[in-house]
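Peer 1:
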Amino acid sequence: MKGASWLSIGVVAAMLVALPLLLTSNVALNFITFAGIITLAAQGWNILAGYGGQFSFGHAAFFGTGAYAMALLQVRLGLNPWLALPIAIAIGGVVGFLIGALSFRARLRGSYFALVTLAFAEVLRILTNALSFTGGAAGVLIPLRVGSDNMQFRDARVLCWLVLAFVVGALCLTYAIARSRFGAYLVAVRENEDAARALGVDTFLVKLKAITVSAMLTAAAGCLYAQKSLYLDAGIGFGPWISIDALLAPIVGGIGTVFGPLVGAAALLGLGEVTKTLIASLTGGAAPGVDLIVFGALLILSVAFAPQGLMGLVRVLRPASKGGA
Amino acid sequence: MLKPDIIIAAVANGLLTGAVYALIALGLTLVYGVLHIINFAHGAILTAAMFAVFVCHQVFRIDPYLAVFVLTPLFFGLGYVLQRYVIDPASHGNDSNILLVTLGLSIVIENALLATFRSDTRSIDVPYGFSVLEVGPLLLSVPKVIAFVTSFAVAVLLGLLLVKTDTGKAIRAVAKEKAGSALVGISVEHIYAVTFGIGAACLAIAACLLMPTYLVNPRSGDAFVLVAFTIVVLGGMGSIGGALAGGLIIGIVESLSGLFLGESLGQIGIFLIFILVLLVKPTGFSGARV
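The listed protein sequences correspond, in order, to chains B and R.
Each number in my numbering corresponds to the 1-based position in the first sequence with 1366 added.
Each number in my numbering corresponds to the 1-based position in the second sequence with 96 added.
1. Between residue 1407(B) and residue 1611(B), which are expected to be in contact by the criterion C-beta below 8 Å, what is the C-beta distance as a whole number of angstroms?
2. Can you have a look at residue 1484(B) and say buried or exposed, based on whether 16 or more other CB atoms are within 10 angstroms of its CB?
3. Whole-angstrom Cβ separation of residue 1522(B) and residue 1392(B), contact assumed at under 8 Å?
4. So, at 6 Å on beta carbons, what are the nonlocal neighbours of residue 370(R) in its own chain, with the 5 sequence-adjacent residues on each side left out?
5. If we define contact as Cβ-Cβ less than 8 Å, is residue 349(R) a contact residue for chain B?
6. What's the C-alpha gap between residue 1691(B) and residue 1618(B)?
7. Rounded to a whole number of angstroms, what is the C-alpha to C-alpha distance between residue 1547(B) and residue 188(R)?
8. Quick check on the burial criterion: 16 or more other C-beta atoms within 10 angstroms. Buried or exposed for residue 1575(B)?
9. Which whole-angstrom value describes the C-beta separation of residue 274(R) and residue 284(R), a residue pair presumed to lie in contact below a C-beta threshold of 8 Å?
10. Taking only beta-carbon positions, decide if residue 169(R) is within less than 8 Å of chain B.
11. Have a look at residue 150(R) and residue 1456(B) and give me their C-alpha separation to the nearest angstrom.
12. Leaving out five residues before and five after residue 1440(B) in sequence, what residues of the same chain have Cβ atoms less than 7 Å from its Cβ?
13. Would you mind reading off the limits of the alpha helix (DSSP H) that contains residue 142(R)?
14. What does DSSP give as the partner residue(s) for residue 1597(B) in the beta ladder?
15. Would you decide whether residue 223(R) is buried or exposed? Buried here means 16 or more other CB atoms lie within 10 Å of its CB.
16. Check the Cβ-Cβ distances between residue 1655(B) and every residue of chain R, and say whether any is below 8 Å.
17. Name the residues in the stretch 1399 to 1421 of chain B whose C-beta lies less than 7 Å from a C-beta of chain D; which are they?
18. Check whether the stretch 340 to 355 of chain R touches the stretch 106 to 126 of chain R, counting contact only when three or more Cβ pairs, one atom from each stretch, lie closer than 8 Å.
19. Can you check whether the C-beta of residue 191(R) is within less than 8 Å of a C-beta belonging to chain B?
20. Under 7 Å Cβ-Cβ, which residues of chain R neighbour residue 1482(B)?
21. Which residues bound the beta strand (DSSP E) around residue 231(R)?
22. Can you give me, in chain order, the residues of the stretch 1662 to 1682 of chain B that have a beta carbon less than 7 Å from any beta carbon in chain R?
23. Using C-beta distances below 7 Å, list every residue in its chain close to residue 146(R), excluding the 5 sequence neighbours before and after it, in chain order.
24. Output, in chain order, the set of chain R residues within a Cβ distance shorter than 9 Å of residue 1610(B).
25. How long is the line joining the alpha carbons of residue 1644(B) and residue 1672(B), rounded to whole angstroms?
26. Give the single residue among 207(R), 242(R), 177(R), 218(R) whose Cα lies nearest to the Cα of residue 229(R).
27. Looking only at its chain, what residues have a beta carbon closer than 7 Å to the beta carbon of residue 1656(B), apart from the 5 residues adjacent to it on each side?
28. In angstroms, rounded to a whole number, what distance separates the CA positions of residue 1677(B) and residue 171(R)?
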């Protein structure tokens, strides 16, 4: 597997669509839906960081914007969720554009860019937690009104399919970007920004486009999260957990690859569940944070031993198996 | 509507807190100045140190001001080992890798504390916890005054260490010219690890100074880490004097924005300063290196 192709994306899409038919228990459906949402958020991070080399530590800013816009458009303005969804994604894009315009205009790179995105996410978290418009510390509740016209489905599989449709869309988008001229510019910026500029690439514009697309994908993840849980507070929407998940999944799965975020999210969340179950059965009680200890250790191990992530390991193993045959 | 003496009291309190912030930022800025990396695990190491003070007090009945003599060398060793045997080998000398590895470390440390101590907020009871000092119209908390004085003393000692000792000279040499230092026989990995150790030792001292008046839970470090980054950016990455001045300013800003904006919005002042400084003048008000 040298990389993705339309064929491989088609095969993965067919497998994803089949999943809710094969695994119908509520636990499994919840897991798939949640993993899909994380994949979507992570794919957003991957476009900016994996392809463009701009490491954000604050993708929660976009996830939370999407989630809160989705909830508030319904609760405060009475919009239908199917209408709220594209608007919320667009608002996420605008926030991404603004943060990108400010940070890239100031020529923030590397650690500085990571820190400033983190600070933006924190500012949004504090504001959301303090303002009454957003429900303050009590959070915001989307009223339960089951009906497919209201994007609240009786059958949990439908929301799962909606999420998976977005995941497939994100795979196609990432692949299309990777093959486009814009994608080539993006990789050029990642590899050597000064050289890219010297060759006539408008690096500011390229990065600005990338962060806008990236923010829209991550905002879409937030929208779907809001619609799934029907409840948000500042810690859920803008908390550091989502910034960390969004960067961890691509790094573990394979940074700057089309399938990396999907593979990484599935592997991470699967491992997290296994760890929690294992610790609970060993110690006879749930221990908070053990799954995150594993995530943190995985982050260090990935950076140290598998810089191309799981996708890289697949690539390393393939020639060996061919040679053996 | 607000009496001037309330504002003066808030400024005085902010200055006292700011000195400890400065001490926390000192470790961060030193590591940045020498290794040119941002240590994302700084806050988590501080939280670990605060829990270490807590354990010393609850289990061994050691006063925080005595624990400093045990914990400072302990955390120096811990920092040395972390840098030399975890961060350095894992990151292959790549800056964004270092950021990710230290982020990974902070996740591991924070959640290990969460799994061990649970999310309860802890504090320690010391007889002098609430004693105050009267200075003119001001009532100053004694532990905070001790923290203020000690923080400055540590900053001066650190400055002397860098200027007078061979290790300090080696640290400054590595900060300026890595390859050249290696050529004249300085072990760069060793100096990196020593610097990281000094950073962790500063945190151990800060933890001992904080615990008599502060609460700790496994997420405490999060709040401090952004404050420390703000100070470092404000004071100029790598500058000791800048960190001291930045710490005092941030202490005052936090105290005043808490007074005017209230508890929940109060923290926002620091982040806004942080973003503004990064966007407008990322070199801070003194761009000098260690």
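A virtual CB, placed ideally from N, CA and C, is assigned to each residue, including glycine.
Model, not experiment: these values are computed from the prediction.
Peer 2: Put simply:
1. 7 Å
2. buried
3. That belief holds up - the Cβ atoms of residue 1522(B) and residue 1392(B) are roughly 6 Å apart, short of 8 Å.
4. Result list for residue 370(R): 326, in chain order.
5. no
6. Since pLDDT at residue 1691(B) reaches only 33, below the 50 mark, its modelled position is unreliable, and no value is offered.
7. 31 Å
8. buried
9. 6 Å
10. No - not a single Cβ of chain B is within 8 Å of the one on residue 169(R).
11. Just so you know, the alpha carbons of residue 150(R) and residue 1456(B) end up roughly 48 Å apart.
12. 1447, 1450, 1508
13. 138 to 156
14. Bridge partners of residue 1597(B): 1507(B).
15. exposed
16. yes
17. Going by chain labels, chain D is absent from the structure shown, which instead holds the protein chains B and R.
18. Short answer: they touch.
19. yes
20. 371, 374
21. First-last of the beta strand (DSSP E) with residue 231(R): 228 to 231.
22. 1662, 1663, 1665, 1666, 1669, 1670
23. 303, 306, 307, 312, 316
24. Scanning chain R for C-beta atoms nearer than 9 Å to the C-beta of residue 1610(B) yields 199, 203, reported in chain order.
25. 25 Å
26. 242(R)
27. 1641, 1642, 1645
28. 38 Å
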